[in-house]
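These notes are about the structure you will find just below.
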Amino acid sequence: MTPPRARTWGRRGCTPVVRVRGRGSGRVSMAGMTCYKPGERSRLIYAIREYRGRKDEPKGFGWKDYRDLIIRAYTQLGGPIVLVWDNLRMHLVAPLREFFEANTAWLTVFQLPTYAPDLNPQEGIWSLVKRDIGNLAAADLSQITRAVKRRLKKIQYRPELVDGCLTATGLVLEG
C-alpha cells in the first residue's frame, strides 16, 4: 500500500498532501505478453496476483505461472509462438527451460540482452498502467487491483496502444 509517486497539481503555494492509511499491506504483481502478428491486431495477454502478506501466500509469480501464461497464449492465439523473453531470474529457472525444450514444436524462445528494458514492448504496457494509477489514493489493496485490471482491460481493447509499445522499442515485425 505504499503509494506510487506521481506528479499532480495544486493551488500555488499549497503542496498537495495525500494521507495514506496503514503500512505496506500488500502488493499487486502483473505478468503479461504483448502479441504481434503481421496483418492482425495486436493482443495483450496478462495475469494479476495480489499479495496480502499471508504466511503461505506466494509473493509473486513462479515458473508454473509463467508456463501457464504461455500455454494460455498458445491456446488463445491458436498457433506457434516466438517468445522474446527478458532476463528476469524466474524466466531462467531449469523447469521453465525444460518446458521450452519439450515444446519446441510450437514454441521458439529468444532471450533479450541482460539489461534491455528499452527493447521490451511489455515495459511500455507497465508504464501506461503505472501512469494511470500514479495519483490513486487507494483505501485498500483490492481497489488498486481493480484499477490495474480496469487499465489493462482498456489497453487490451486498444491495439494501437500495444502497437505503440512495439514502435517505441525500435523493433519491427517481418512477415
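Numbering (this note's numbering), first residue to last: 8 to 182. C-beta: ideal position from N, C-alpha, C; glycine also. Treat the numbers as computed from the prediction; the structure is a model and nothing was measured.
CB contact flag (R56, S36, <7 angstroms): yes
Uninterrupted beta strand (DSSP E) stretches inside the segment 92-123 (no shorter than 3 residues): Qualifying beta strand (DSSP E) stretches, in chain order: 114-118.
Span of the alpha helix (DSSP H) around S36: Looking at the DSSP string, S36 is not in any alpha helix (DSSP H); the run it does join, the beta strand (DSSP E), is R34 to C42.
Endpoints, beta strand (DSSP E) assigned at A54: Residues R50 to Y58.
Through-space distance from E108 to R85, alpha-carbon basis: Arg is not the amino acid found at residue 85; the sequence shown has Gly there. Taking the straight line from one Cα to the other gives about 20 angstroms.
Through-space distance from V24 to D72, alpha-carbon basis: 38 angstroms
Proximity to E167 [Cα-Cα], best of R34, T41, R19 and L90: T41
Identity of the residue in Q83, N110, Q129 and I88 nearest L95 by Cα: Q129
Cβ distance (whole Å) where L178 is taken to contact L126 below 8 angstroms: 7 angstroms
Closest by C-alpha distance to L3, when choosing among R61, W92, E64 and V136: Residue 3 lies beyond the range of the chain shown here (8 to 182); nothing can be said about it.
Backbone CA spacing between H98 and F106 [nearest angstrom]: 11 angstroms
Residues sharing a beta bridge with L90, DSSP: V116.
Inter-stretch contact at 8 angstroms, needing at least 3 Cβ pairs: the segment 130-146 / the segment 155-169: yes
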